[in-house]
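Line order of the protein sequences matches chains X and Y.
Numbering-wise (our numbering), the first sequence opens with residue 1070 and increments by one.
Numbering-wise (our numbering), the second sequence opens with residue 2 and increments by one.
Notes for the one structure printed next.
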Amino acid sequence: MRPEPRLIEVRKHVLKQNDVVARSLRERFRAAGVFVVSLVSSPGSGKTAFLEKILTRLRANYRVAALVGDLATENDALRLARSQAPVKQITTGTLCHLEAAMVQSSLEEWNLSQLDFLFIENVGNLVCPSSYDLGEDIRLVLISVTEGEDKPLKYPTIFNSADIAVVTKADLAWAVEFDWATAYNNIQAVRPGMLVFRLSAKNGEGIQEFIEFLAARLIELRQAAAV
Amino acid sequence: MHELSIAMSIVELAEEEAECRGVQVKAVHLKLGVLSGVVKEALLSCYEMACEGTSLQGSRLLVEDVSVAIFCPGCRAQRPVCSLQMFCCAECGTPCSEIVHGKELEVVALEIQECVPNPV
């Protein structure tokens, strides 16, 4: 006679494989002393323009590099290459997010100990990237003023997977009557205490503050490593 | 839409477990947090596809939703939140960001049937 079906306990994280790779990446980054920043946002919110500006400014004093995920083209990598920083494209095909293993294989030829900052630009998507740890030190979620103040309320999960919010295209705020206080309150409602930057890659507003923030975090990372 | 790759990971994980125990999987029990970034309906519809051609073909995916729980610094206890749009303690209203539950994406149990050796 066939035995009755029964229940056995398992308790396994579905994304364990990704988490294992992410953990080993984090250890590698830590050992190399590189501060790693990832970026998520919806398509068209200005990740690449923001990053081009930040890479160009940081390059004056730091060694920087970027990985950029995109579904099909290499346009973003070409744009970022104008900053003169080493840039590598990760073309994901139809995959809507980056996974830790993709980051790992893209870094094979790079000597991480020769870097101060590494940026990882995720595929433009406010849903899928939230599930995947990439081994980064901080994750930025970007929203542009043209997307409206209620974006955080519509995508609370991604805000909860990120550490810092960046409101981009501040130069257009007047044109779209963007209400800064409402946006700020919405971010705080879905993620209390979240640090928020407001900036414009176009006219440079807020860029200096953000650079100073990154510089301070790099010092903290290196001090922690030295202890 | 990353649910198909998630569904495939679930099937892979369950197959591994089943193989090393020499059993057949009838159902997979999954805990799914509302902050996991995975949509339940999409996952369920991808599951069947992910099972096709594997030893899990014909098995079921049973999803237990896990709502968000935070640690409230005001109450010094685990509490539900008001809503995803209002991350405050549902009891005292203190804004909280320390998430205790809600990010789960975890296979917790398998409903299995021992494989009966083929009669010789």
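Cβ coordinates follow ideal geometry from the N, Cα and C atoms, glycine included.
Remember, it's a predicted structure, so these values are computed and weren't measured experimentally.
Can a CB atom of chain Y be found closer than 9 angstroms to the CB of residue i?
| i | result |
| --- | --- |
| X:Val1089 | no |
| X:Gly1217 | no |
| X:Ala1141 | no |
| X:Asn1180 | no |
| X:Val1245 | no |
| X:Glu1073 | yes |
Mapping the DSSP letters down to three states, classify residue i as helix, strand or coil.
| i | result |
| --- | --- |
| X:Arg1080 | strand |
| X:Asp1219 | coil |
| Y:Cys93 | coil |
| X:Val1196 | coil |
| X:Met1171 | helix |
| Y:Ala70 | strand |
| X:Arg1132 | coil |
| Y:Thr55 | coil |
| X:Asp1088 | helix |
| X:Arg1286 | helix |
| Y:Lys32 | strand |
| X:Gln1153 | coil |
Under 9 angstroms between the Cβ atoms of residue i and residue j?
| i | j | result |
| --- | --- | --- |
| Y:Val67 | Y:Lys32 | yes |
| X:Phe1104 | X:Leu1241 | no |
| X:Asn1087 | X:Tyr1253 | no |
| X:Leu1140 | X:Gly1162 | yes |
| Y:Ala43 | Y:Val12 | no |
| X:Phe1228 | X:Arg1260 | yes |
| X:Ala1258 | X:Glu1190 | no |
| X:Arg1128 | X:Ala1150 | no |
Measuring only between beta-carbons, confirm whether residue i sits less than 9 angstroms from chain X.
| i | result |
| --- | --- |
| Y:Ser10 | yes |
| Y:Gln58 | no |
| Y:Ser37 | yes |
| Y:Glu92 | no |
| Y:Gln86 | yes |
| Y:Cys97 | yes |
Excluding five sequence neighbours on each side, which residues of the same chain lie with their C-beta closer than 7 angstroms to the C-beta of residue i?
| i | result |
| --- | --- |
| Y:Ser37 | Lys104, Glu105 and Leu106 |
| X:Arg1208 | Ser1107, Val1109, Ser1230, Ala1231 and Asp1232 |
| X:Asp1219 | Asn1255 |
| Y:Glu18 | Leu111 |
| Y:Ala91 | Arg80, Pro81, Val82 and Cys83 |
Would you report the Cα separation of residue i and residue j, rounded to the nearest angstrom?
| i | j | result |
| --- | --- | --- |
| Y:Glu112 | Y:Thr55 | 16 angstroms |
| Y:Ile71 | X:Ile1256 | 17 angstroms |
| Y:Ser84 | Y:Cys47 | 28 angstroms |
| X:Gly1138 | Y:Ile7 | 20 angstroms |
| X:Gln1183 | X:Glu1121 | 20 angstroms |
| X:Pro1072 | Y:Gly59 | 18 angstroms |
| X:Val1133 | X:Val1156 | 9 angstroms |
| X:Asn1272 | X:Ser1093 | 39 angstroms |
| X:Met1263 | Y:Glu115 | 51 angstroms |
| X:Ala1294 | X:Arg1099 | 8 angstroms |
| X:Trp1243 | X:Tyr1224 | 24 angstroms |
Skipping 5 residues on each side, what residues in its chain have a beta carbon closer than 8 angstroms to that of residue i?
| i | result |
| --- | --- |
| X:Leu1268 | Phe1119, Val1235, Val1236, Thr1237, Ala1239, Glu1274, Gly1275, Ile1276, Glu1278 and Phe1279 |
Sorted by chain position, which residues of the same chain lie with C-beta nearer than 6 angstroms to residue i's C-beta, five sequence neighbours on each side aside?
| i | result |
| --- | --- |
| X:Leu1181 | Ala1101 and Val1103 |
| X:Cys1197 | Cys1165 and His1166 |
| Y:Val109 | His30 and Lys32 |
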